[in-house]
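Working notes, beginning with the structure itself.
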Amino acid sequence: MLSDDLKQTIQQAYSRFLEARGLKPRYGQKLMIAEIAKTLGAIDLDDEERRSGQGHVCVVEAGTGTGKTVAYLLAAIPIAKALGKKLVISTATVALQEQIVNKDLPDLRAGSGLQFSFALAKGRGRYLCLSKLEQLLMEQGSAPRTRPLYEDEYPAVDEQAVKIYNSMIEALAGNRWDGDRDNWPQALENDLWSRVTTDHRQCTGRRCSNVSACSFLRARDNIDVVDCIVTNHDLVLADLALGGGAILSHPADTIYIFDEGHHLPDKALGHFSHHSRVQATAKWLEQCKKSLESMSGQVSGAGNVDYFVGKLPAVIETVKYAADQVFPLLERLSGNVLSSGQIQRYRFEKGVVPEALFEMAGELKLGFERLADVFKKIVDELGEAMEDGHCKVPKADLENWYPTVGGWLARAEANLELWASYATRDGDEGESDCDPPKARWITLVDLGGSIDFELCSSPVLAARTLDYSLWRNCCGAVVTSATLTALGSFDRFQMRSGTPDDSRYQVVPSPFDYAAAAVLQVPGEACDAGDAQAHTQSLVTLLPRLLCADEASLVLFSSRRQMLDVFEGLPMSWREKTLLQGERSKQETIREHRQRIDAGDGSVLFGLASFAEGLDLPGNYCRHVVVAKLPFTVPDDPVDAALAEWIEARGGNAFMEISVPDAALKLVQACGRLLRTESDRGLISLMDRRIVTRRYGRAILNSLPPFRLQLPTSCP
């Protein structure tokens, strides 16, 4: 039970915060604070079942304007401190991270009377590796010892890049830069940055000669001592993939808050999926073999390195031989489909791979298992040699080769995971018959004159993975977003995320008066979007009549092709008022839109899915949202297709269980672009007649906020 002292602490902090900010209490915000406090306050550290996190997950859908950030911070901070646990606040976007770190947490600390510390946590990939930068500059003009993941993604280091790298050295030496990519004054291309950052396999850690100047370790030391860590879903999932506690605090010692939590399942799929290119892997193995003589010459005598390096040629040759046999098999398997020129992907139905590929996968799994084992032993020997004061090998040589072999190990492990997936029948790893299979597919990679095959494997749902890695292990968790329900239920989110059945699920209302603030209309002339050509023509005809030339409008499309076709069909006067997503950066597009409205002119934004979520255009910056069609996803994604296939095989209806709830959720997000503050007013136009003519339309309409509806009188 939540103690009386904690209740009083939370209530007093809320009252002080409201008074300091000149705000009034909001019903939805108070309800959210209470739900989170009840959930986290029930944690009993002396109860083994409670320590496992069961019963201590709170899932809250909080409508726009609720003030959910303040609600979860006020409830969770006092409880986390009382339990002696770290509070990890995870978001899906950089914008929300920055808002929490730069505004919400400072405002709360200043106004609530709560005492707490906080820091922003980022992965190694956001920080410069000084050792790699120094090595790269020294190696200019000589062949690199290793290669990136794929050769076609590795342009040469040009003079401009060298100039930037030298300026980084100067900025670090002059204390004008802290090594954080996000704090570098100019934008850095990914190719340029990837050469001078590192990962956990390549980092020598505290043994590095540059440890005292390491940007990542300095930042890491800071997060170890604060009460609250603000980070992103990717870093949390990366930590969980490493077993938990490798980057952030251990899950058992952590209370997680996942803001923008509707992104968590999809993010998890990405972290627990595997892929590998066949030809690129074979070339990489060949280069590894060629590099052994150079490596052996420089680190010979370091522990047992010589013994393990001597094993590598035979192991590499065995693995490369097996990899070379896969390519012609993949050509035969996928040739008929890929030769049509209409598709670059071949999916294995129900995730079942042919027997010949299954057997080859088994050989490659064993080969990469042996290779990873030898690489791991060499890495360990190099690490121990760096700490051995009597080792005769220069430490600089050890430090130079450690990340190289660490990179080889990471790549061998990635291949091992991919081939282990292909060499395992679904159900052999403890899954029940009710668990969905993995999606497995081949993608043809056109390298401009040659081709490669990329093999991919992914869970179709993140539920089981998140259950085992997160929900069962964490001290407690809160998941929140404005869009967690679909068709009025949490079923969709629970199926995808695996949140426990005994979690607390709650919808807290928005303070907005939707009926007074907005109208949702389906124009009588709107046509069925199932007829793509007729629908596009109807948009060309109707938009000039529906839009106000002097106002701000946002028109959302489901495909770029239709967006461009509609734009080209509009009269010149309207094209001059219209800004297309993709013609310039998102930030520049929004800035130009705002400038036009501030100047008293009209402006129309044409956007795609990323403009339908997270775009904040309050007041006059958006008075009319037009949704071109119901946002059904085209079922060409192999993971979605495998999920639909599994549902149908179990006697379900994939369209009603997956497509309709997904479309309903996306439509809620799109409509959410209109009302951003309580004073906003406007109109939503849905240009797809299916919402009033199909059986599923009423269910989708009922899932929307209670706008005033204006529907064609001839429709039910």
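Using this note's numbering, the letters of the sequence shown correspond one by one to residues 85 to 800. We put the beta carbon where it would ideally sit given N, CA and C, even for glycine.
- Between the region 559-574 and the region 156-171 there are three or more inter-stretch CB-CB distances shorter than 8 Å, so the stretches are counted as touching.
- By the CB criterion at 8 Å, ASP262 and GLY209 fall outside the cutoff.
- ILE127 carries a coil assignment under DSSP once its states are collapsed to helix, strand and coil.
- Using a Cβ distance threshold of 8 Å, GLY112 and THR153 do not count as a contacting pair.
- By a beta-carbon distance limit of 8 Å, PRO607 contacts LEU626. Their separation comes to about 6 Å.
- Straight across, the Cα-Cα distance linking ALA179 with GLU538 is about 33 Å.
- Of all alpha-carbon atoms in THR569, LEU767, SER196, the one lying nearest the alpha-carbon of ALA599 is that of LEU767.
- Cβ neighbours of LEU204 within its own chain (closer than 6 Å, five residues either side excluded): VAL185, VAL314.
- In this structure, the CA atom of THR288 is about 48 Å from the CA atom of ASP88.
- Here the alpha carbon of PRO584 sits roughly 16 Å from the alpha carbon of ILE120.
- Comparing alpha-carbon positions, the option among LEU115, VAL403, ALA160 lying closest to THR93 turns out to be ALA160.
- In this structure, LEU441 sits away from TYR391, with a CB-CB distance that is not shorter than 8 Å.
- Partner residues in the beta bridge of PRO543, as assigned by DSSP, are LYS522.
- Contact check for ARG760 against THR148 passes: the beta carbons are separated by less than 8 Å.
- Ranked by Cα distance from SER201, the options VAL688, ASP308, ALA738, LEU623 are led by ASP308.
- Under the 8 Å Cβ criterion, the region 492-510 does not count as touching the region 318-330, having fewer than three qualifying pairs.
- Nearest neighbour of PHE641 by Cα position, chosen from SER278, GLU103, MET771, TYR340, turns out to be MET771.
- Excluding its 5 nearest sequence neighbours in each direction, PHE651 has C-beta neighbours in its own chain below 7 Å: ARG659, THR662, LEU664, PHE690, listed in chain order.
- In this structure, the beta-carbon distance from VAL463 to GLY491 does not fall below 8 Å.
- Across the structure, LEU396 and TRP268 are spaced so that their CA atoms are roughly 41 Å apart.
- Under the three-state reduction of DSSP, THR761 is assigned to coil, being neither helix nor strand.
- Counting every other CB atom within 10 Å of its CB across the protein chains shown gives LEU500 a total of 16 or more, marking it as buried.
- At least 8 Å separates the beta-carbon of GLY446 from that of ASN786.
- Counting only runs of 4 or more residues that sit fully inside the region 580-638, the alpha helix (DSSP H) segments are 598-601, 616-630, in chain order.
- Looking at the DSSP output, ILE339 sits in a beta bridge with LEU171, GLY560.
- Nearest to MET252 by C-alpha distance, out of VAL241, PRO109, GLU218, ASN274, is GLU218.
- DSSP, reduced to helix, strand and coil, places ALA146 within a strand of the structure shown.
- Residue pairing for PHE537: DSSP places it in a beta bridge opposite LEU528.
- Exclusion of the five residues before and after VAL241 leaves no residue of its chain whose Cβ lies closer than 6 Å to its Cβ.
- DSSP places HIS355 within a helical segment (H, G or I) once states are collapsed to three.
- The bridge partners DSSP lists for HIS708 are SER637, LEU767.
- At least 8 Å separates the beta-carbon of ALA725 from that of ALA570.
- Its Cα nearest to that of LYS247, the residue LEU276 stands out among LEU493, LEU276, LEU638, VAL393.
- The residues LEU604, in chain order, have a CB closer than 6 Å to that of LEU793 in the same chain once the five nearest residues on each side in sequence are set aside.
- For the set VAL639, GLN646, VAL563, PRO595, the Cα lying nearest the Cα of ALA618 is the one of GLN646.
- Looking at the DSSP output, VAL185 bridges to nothing.
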